[in-house]
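Report on one structure; see the data block that follows.
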Amino acid sequence: MNLRQRFPEIYQDFFNRCTRVASAPHSFFWFGELAGIWGGLTVVQTLPIRFYVGLQPIDQNRFEVVGDFYAYNRAKDEFELTHFDSFVIKRLEKLQLKGWRLRFLSEISIGVSLGAV
Numbered sequence: 000m001n002l003r004q005r006f007p008e009i010y011q012d013f014f015n016r017c018t019r020v021a022s023a024p025h026s027f028f029w030f031g032e033l034a035g036i037w038g039g040l041t042v043v044q045t046l047p048i049r050f051y052v053g054l055q056p057i058d059q060n061r062f063e064v065v066g067d068f069y070a071y072n073r074a075k076d077e078f079e080l081t082h083f084d085s086f087v088i089k090r091l092e093k094l095q096l097k098g099w100r101l102r103f104l105s106e107i108s109i110g111v112s113l114g115a116v
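Numbering (numbering that gives the first Met the number 0), first residue to last: 0 to 116.
And the structure:
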């Protein structure tokens, strides 16, 4: 059973709020993560777990970033509320997509050494 089937309320809440959603798989570097910066060989594997970014329309003539979001914690077998630090939020707020609220959902905890955000 996949995460969408096991935790339908998490996904329903995210997709009901966001009218536009994009996702990408998380990835894992087998080797060469630094060599790739200078044109060297890297071996990367995409994983069957995704990171979702959604846009929720808002009436205000402003842009908001929701820094708190759910990320799946495999050790606890549950989604946990987590957040981006203020530096990441400030960078995202520079996008200035007026009339939208930016939301996130991750199928893995952030920063678990799997190439996560």
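Think of the CB as a built atom: it goes at the ideal place given N, C-alpha and C, for glycine as much as any other residue.
* Asked: What did DSSP end up calling Q11 once you bin it into helix, strand or coil?
  -> helix
* **C-alpha distance - P24 paired with F78, whole-angstrom precision** => 17 Å
* Asked: Between E8, Q4, F14, S105, which lies nearest to P56 when the distance is taken from Cα to Cα?
  -> F14
* Tell me whether V118 is buried or exposed, calling it buried when 16 or more other Cβ atoms sit within 10 Å of its Cβ. => Lying before the first or after the last residue shown, residue 118 is absent from the chain, which here runs from 0 to 116.
* Indicate whether F50 and G66 have their beta-carbon atoms separated by less than 8 Å. => Their beta carbons are not under 8 Å apart, which means F50 does not touch G66 by this criterion.
* Residues of its chain near Q44, where Cβ-Cβ distance is below 7 Å and the 5 sequence neighbours each way are ignored -> S26, F27, W29
* To do: Would you mind reading off the limits of the alpha helix (DSSP H) that contains L94?
  => That residue, L94, is in no alpha helix (DSSP H); it is neither H nor E in DSSP.
* With a threshold of 16 other CB atoms inside 10 Å of the CB of S105, please say whether the residue is buried or exposed. => buried
* Cα separation between K97 and R19? -> 15 Å
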